[in-house]
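Trainee: One structure, pasted below without further comment.
2 protein chains.
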Amino acid sequence: MDTEKYTGILRENGIKVTPQRLEVLRFLDKNRIHPTADDIYRALKKDNPSLSKTTVYNVLDILSKYGLVEVLTISGTESRYDYKSTRHQHFLCTSCGRIVDIHIKGLCMDCMPEKGHKVEEVHGYFKGTCRDCLKGVGG
Amino acid sequence: MDTEKYTGILRENGIKVTPQRLEVLRFLDKNRIHPTADDIYRALKKDNPSLSKTTVYNVLDILSKYGLVEVLTISGTESRYDYKSTRHQHFLCTSCGRIVDIHIKGLCMDCMPEKGHKVEEVHGYFKGTCRDCLKGVGG
DNA sequence: ACCTTATCTGTAATGATTACAATGTAGTAT
DNA sequence: ATACTACATTGTAATCATTACAGATAAGGT
Ligand SMILES: [Mn+2]
Ligand SMILES: [Mn+2]
Ligand SMILES: [Zn+2]
Ligand SMILES: [Zn+2]
Chain A
442 MDTEKYTGIL RENGIKVTPQ RLEVLRFLDK NRIHPTADDI YRALKKDNPS
492 LSKTTVYNVL DILSKYGLVE VLTISGTESR YDYKSTRHQH FLCTSCGRIV
542 DIHIKGLCMD CMPEKGHKVE EVHGYFKGTC RDCLKGVGG
Chain B
442 MDTEKYTGIL RENGIKVTPQ RLEVLRFLDK NRIHPTADDI YRALKKDNPS
492 LSKTTVYNVL DILSKYGLVE VLTISGTESR YDYKSTRHQH FLCTSCGRIV
542 DIHIKGLCMD CMPEKGHKVE EVHGYFKGTC RDCLKGVGG
């Protein structure tokens, strides 16, 4: 199921294809909820009981190194991971812990006024209380 | 030296004044280099050998809770602290580890298009290689 | 099948942060 | 001034995400 898609992505980037890499990449593509490494580990361990958490970290490292996955440091206590797609920003609800996508303009690689630095990543992080939590509905 | 300034700031915010709180606040005001908790601890311990690292964390907690200090999670591995002044963004050099201030427009509390969320913090994080490191001068 | 090399796994170590209990301090009431 | 109270500070132990490491495994080329 969908294996060709992720196999192709890895091959195009010169990353050796392994079942673990396929699974992590697929999981992030199908679950755009900015999971932690442990979330990914626990989810994938169901179908692959021999999976090691170290492998999850190793896979996330290589995927982010090749730009296929984005690492979010918004929470400060743990990294959250995002399938790299179109550029967007993030809002962390400090009440329920969810991270939601935000689309704003004017925040990009080229918008940095200070000259001479080589910019490789741009993150817009918003924090506060999400709509659901304000209504008392949130998790 | 300058004690009145920081005493006043703490009092205005209803924060009880203690020598440790004054020292941390003063250090952050005088050292706009986005230090870690450990940086602050080691610097202040010189003049106050009985200082505890737990106290540094406690002080930073309360100062950030009252909005006098900003917590930066840009590095992902450790928090960096910034005396809260005028709004600005940050650039982390992944080579030398320094964080430099960046001033861009169009990133503010009210620029978030999604409605209904209560925004309390906005961070613009850039990452890359700083000018000095590109020149081979960086630390 | 064999060899080489990279990956995966499990466990131990690291390091920043937090929890906790004992001690110290400042202000207030007696 | 002394006793009381509440809070701050300190030192140590615990936590938790992440990394280091060494042995087992698997893939690709001969
Ligand atoms: Mn996202
Ligand atoms: Mn700054
Ligand atoms: Zn929420
Ligand atoms: Zn640099």
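Heads up: the sequence lines are chains A and B, in that order.
Once you know that position 26 of the first sequence is 467 in this note's numbering, the rest is easy, because the numbers rise by one and skip nothing.
Once you know that position 51 of the second sequence is 492 in this note's numbering, the rest is easy, because the numbers rise by one and skip nothing.
No residue lacks a Cβ here, since even glycine has one placed at the ideal position from N, Cα and C.
For clarity, every value in this text was computed on a predicted model and none was experimentally measured.
1) Mind listing, in chain order, the residues whose beta carbon lies closer than 6 Å to a non-hydrogen atom of ligand 2?
2) Span of the alpha helix (DSSP H) holding G449/B?
3) What number of angstroms, rounded off, separates the C-alpha of C552/A from the C-alpha of K546/A?
4) My understanding is that A478/B touches S516/B, with C-beta atoms under 8 Å, so please give their C-beta distance in whole angstroms.
5) Can you tell me which of the three DSSP states I545/A falls into?
6) In whole angstroms, what separates the C-alpha of T495/A from that of Y524/A?
7) Using a threshold of 7 Å, is the CB atom of R473/A nearer than that to any non-hydrogen atom of ligand 1?
8) Scan the segment 454-491 of chain B and note each continuous alpha helix (DSSP H) run of 4 residues or more that stays entirely inside, going in chain order.
9) When Cβ atoms are compared, which residues of the segment 544-570 of chain A fall closer than 7 Å to chain B?
10) Closer than 8 Å by beta-carbon distance: list the chain A residues that pair up with G596/B, in chain order.
11) Could you give the DSSP three-state label for R539/A: helix, strand or coil?
12) Would DSSP call R572/B helix, strand or coil?
13) Check the Cβ of R572/B against every Cβ in chain A and list those closer than 9 Å, keeping chain order.
14) In its own chain, which residues sit with a C-beta less than 6 Å from the C-beta of E561/A, not counting the 5 before and 5 after it?
15) Return the residue from the list K486/B, P554/B, D542/B and L504/B that minimises the CA-CA distance to I543/A.
16) Measuring from the CB of R521/A, is there a heavy atom of ligand 5 at a distance below 7 Å?
17) Using a Cβ cut-off of 8 Å, pull out every chain B residue sitting near F468/A, in sequence order please.
18) Taking all protein chains shown into account, decide if H462/B is buried (16 or more other Cβ within 10 angstroms of its Cβ) or exposed.
19) Considering only heavy atoms of ligand 4, does any lie closer than 7 Å to the CB of Y536/B?
20) What does a CB cutoff of less than 7 Å around R467/A pick up in its chain, not counting 5 residues either side in sequence?
21) Report back the beta-carbon spacing between T535/A and G569/A to the nearest angstrom; my notes put them in contact at under 8 Å.
22) I need the straight-line Cα distance from D502/B to C537/B, nearest angstrom please.
23) Do G557/A and R572/B have their C-beta atoms within less than 8 Å of each other?
24) Can you give me the Cβ contacts of E450/B inside the same chain, cut-off strictly under 8 Å, excluding the 5 residues immediately before and after it?
25) From this set, L469/B, T527/B and E453/B, which residue's C-alpha is nearest I481/B's C-alpha?
Mentor: The answer reads as follows:
1) So the residues near ligand 2 by this Cβ test are H475/B, D523/B, H529/B, H531/B and D542/B.
2) In the second sequence, the residue the question calls residue 449/B occupies position 8. Residues T444 to E453.
3) Your numbering for residue 552/A matches position 111 in the first sequence. Your numbering for residue 546/A matches position 105 in the first sequence. C-alpha separation (whole angstroms): 10 Å.
4) To locate residue 478/B, count along the second sequence from 1; it is residue 37. To locate residue 516/B, count along the second sequence from 1; it is residue 75. The beta-carbon distance between A478/B and S516/B, rounded to whole angstroms, is 12 Å. This is too long to meet the 8 Å contact definition.
5) Taking the first sequence and counting its residues from 1, the one referred to as residue 545/A is at position 104. Looking at I545/A - three-state DSSP - the assignment turns out to be coil, as it is neither helix nor strand.
6) In the first sequence, the residue the question calls residue 495/A occupies position 54. In the first sequence, the residue the question calls residue 524/A occupies position 83. C-alpha separation (whole angstroms): 19 Å.
7) Locating residue 473/A in the first sequence gives position 32, counting from the first residue. Yes; taking the cut-off as 7 Å, the Cβ of R473/A has a heavy atom of ligand 1 nearer than that.
8) Taking only runs of at least 4 residues, the alpha helix (DSSP H) segments lying wholly in the segment 454-491 of chain B are 460-471 and 478-486.
9) So the list reads H544, I545, G547, L548, C552, M553, P554, E555, G557, H558, K559, V560, E561, E562, V563, H564, G565, Y566, F567, K568, G569 and T570, given in the order they occur along the chain.
10) A question about residue 596/B goes unanswered here, because the residues of chain B that appear run from 442 up to 580.
11) If you number the first sequence from 1, residue 539/A lands on position 98. Correct three-state label for R539/A: coil.
12) Taking the first residue of the second sequence as 1, we reach residue 572/B at position 131. Helix at R572/B.
13) Within the second sequence, residue 572/B is the residue found at index 131, counting from 1. Those are E555, K556, G557, H558 and K559, listed as they occur along chain A.
14) Residue mapping note: residue 561/A aligns to position 120 of the first sequence, counting from 1. Excluding positions up to five away in sequence, the list is empty.
15) What you label residue 543/A is simply residue 102 of the first sequence in a count that begins at 1. With distances taken between Cα atoms, I543/A lies closest to P554/B.
16) You won't find ligand 5 in this model; what it holds is ligand 1, ligand 2, ligand 3 and ligand 4.
17) Residue numbering aside, residue 468/A sits at position 27 when the first sequence is read from its first letter. Near F468/A there are no residues of chain B at all, since even the closest Cβ is about 21 Å away, more than 8 Å.
18) Residue 462/B sits at position 21 when you count from the first residue of the second sequence. Per the sequence presented here, residue 462/B reads as Arg, with His not at that position. Classified as buried, R462/B has 16 or more neighbouring CB atoms from the shown chains inside 10 Å of its CB.
19) Within the second sequence, numbered from 1, the residue matching residue 536/B stands at position 95. The amino acid occupying residue 536/B in the given sequence is Ser; Tyr does not appear at that position. Flag set: Cβ of S536/B near ligand 4.
20) For the purposes of this step, residue 467/A is taken as the residue at position 26 of the first sequence. If we look at R467/A and ignore the five residues flanking it on each side, its Cβ neighbours are D443 and Y447.
21) Counted from its first residue, the first sequence places residue 535/A at position 94. Counted from its first residue, the first sequence places residue 569/A at position 128. That belief holds up - the Cβ atoms of T535/A and G569/A are roughly 7 Å apart, short of 8 Å.
22) Residue 502/B sits at position 61 when you count from the first residue of the second sequence. Residue 537/B sits at position 96 when you count from the first residue of the second sequence. CA-to-CA, the gap between D502/B and C537/B works out to about 27 Å.
23) Here the question's residue 557/A lines up with position 116 in the first sequence. Here the question's residue 572/B lines up with position 131 in the second sequence. Contact flag set, yes.
24) As a working note, residue 450/B is residue 9 in the second sequence. In the sequence under discussion, the amino acid at residue 450/B is Ile, which differs from the Glu named in the question. Only L466 and L509 meet the Cβ criterion.
25) Translated into the one-based positions of the second sequence, residue 481/B becomes position 40. Nearest in C-alpha terms to I481/B, of all of L469/B, T527/B and E453/B, is L469/B.
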